[in-house]
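J.:
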Amino acid sequence: MKGRVRRYALFLTVGMAVCLLSAYVSSFFMGQYGVDGTVAAIEITPVCEEVMKLLPLLFFYLIFEPEPKEMPAAAIAIAVGFATFENVCYLTENGAANFNFLLIRGISAGALHILCGVLSGFGVSHVFRCRWLAVTGTVGILGACIGFHAIYNLLITAEGAWKTAGYLFPSLLLLCLYAAKQLLPRQNISFE
Numbered sequence: 040m041k042g043r044v045r046r047y048a049l050f051l052t053v054g055m056a057v058c059l060l061s062a063y064v065s066s067f068f069m070g071q072y073g074v075d076g077t078v079a080a081i082e083i084t085p086v087c088e089e090v091m092k093l094l095p096l097l098f099f100y101l102i103f104e105p106e107p108k109e110m111p112a113a114a115i116a117i118a119v120g121f122a123t124f125e126n127v128c129y130l131t132e133n134g135a136a137n138f139n140f141l142l143i144r145g146i147s148a149g150a151l152h153i154l155c156g157v158l159s160g161f162g163v164s165h166v167f168r169c170r171w172l173a174v175t176g177t178v179g180i181l182g183a184c185i186g187f188h189a190i191y192n193l194l195i196t197a198e199g200a201w202k203t204a205g206y207l208f209p210s211l212l213l214l215c216l217y218a219a220k221q222l223l224p225r226q227n228i229s230f231e
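In the numbering used here, the protein residues as written are 40 to 231.
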């Protein structure tokens, strides 16, 4: 592996490591605050996971100073690694008895993490072009990612139609982003 392939393989691996670390951090705060799994999934896990996914991206940007156009791919690679490892852990923990459920859950969780990766990658590459916007913009991006993640977790812990809506939520948002990219007039957005 050479060049960009090596870099993105590293980001995939970092995403997997971040998934493991965020599980430990979430478990720590879950024990610290004495909450059950449902409350932790809605209130603690989104914050821990999204902060932990943003940290390597910020480290990459601040230490290595890449071109802003390289940021989205790095963020998406971290998100894909995170989602892959999370789905493997979920499969290992729960078994493969209900394959249809695992497939739907895996696709929706993967879509959620990719959606947050797209948002954080493009967002960070945009807000760091204006130094005065860097801190507040990063906090805003983090807040949006945490909000998406918390809404997803809240919906999938519900029953009935809300659970179905939760599983469709990230995929539909990704489709909306894709449709907007295709339908909006082509604008030349430079990252300089």
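Backbone N, C-alpha and C fix where the C-beta goes; we use that ideal spot for every residue, glycine too.
Run the CB neighbour count on residue 231, radius 10 Å, all protein chains shown included, and call it buried at 16 or more, exposed below.
T.: Position 192 of the sequence shown, counted from the start, is the residue given in the question as residue 231. Note that residue 231 scores a pLDDT of 48, beneath 50, so its modelled location is shaky; the value from the coordinates is reported in the next line. Under this definition residue 231 is an exposed residue.
J.: Secondary structure at residue 196, three-state DSSP: helix, strand or coil?
T.: One-based indexing of the sequence shown puts residue 196 at position 157. Residue 196 falls in the coil class under three-state DSSP.
J.: What three-state label does DSSP hand residue 44 in the structure shown?
T.: As a first step, residue 44 must be located in the sequence shown, where it is residue number 5. Residue 44: helix per DSSP, three-state reduction.
J.: Would you kindly work out how many angstroms separate the C-alpha atoms of residue 64 and residue 169, rounded to a whole number?
T.: Mapped onto the sequence shown, residue 64 falls at position 25. Mapped onto the sequence shown, residue 169 falls at position 130. Roughly 32 Å separates the two Cα atoms.
J.: For the segment 93–107 and the segment 189–202, state whether three or more C-beta atom pairs, one from each stretch, are separated by less than 8 Å.
T.: Short answer: they don't touch.
J.: Is the number of C-beta pairs between the segment 71–82 and the segment 124–139 that are closer than 8 Å three or more?
T.: With a cut-off of 8 Å, the segment 124–139 and the segment 71–82 do not count as touching, because too few Cβ pairs lie within range.
J.: Counting Cβ pairs closer than 8 Å, one from the segment 109–127 and one from the segment 203–222, do we hit at least three?
T.: Contact fails: fewer than three Cβ-Cβ distances are below 8 Å.
J.: With a threshold of 6 Å on Cβ separation, who are the neighbours of residue 162 within its own chain once the five nearest residues in sequence on each side are excluded?
T.: Counting from one through the sequence shown, the residue named residue 162 turns up at place 123. Excluding residues within five positions, the ones whose Cβ falls inside 6 Å are 180.
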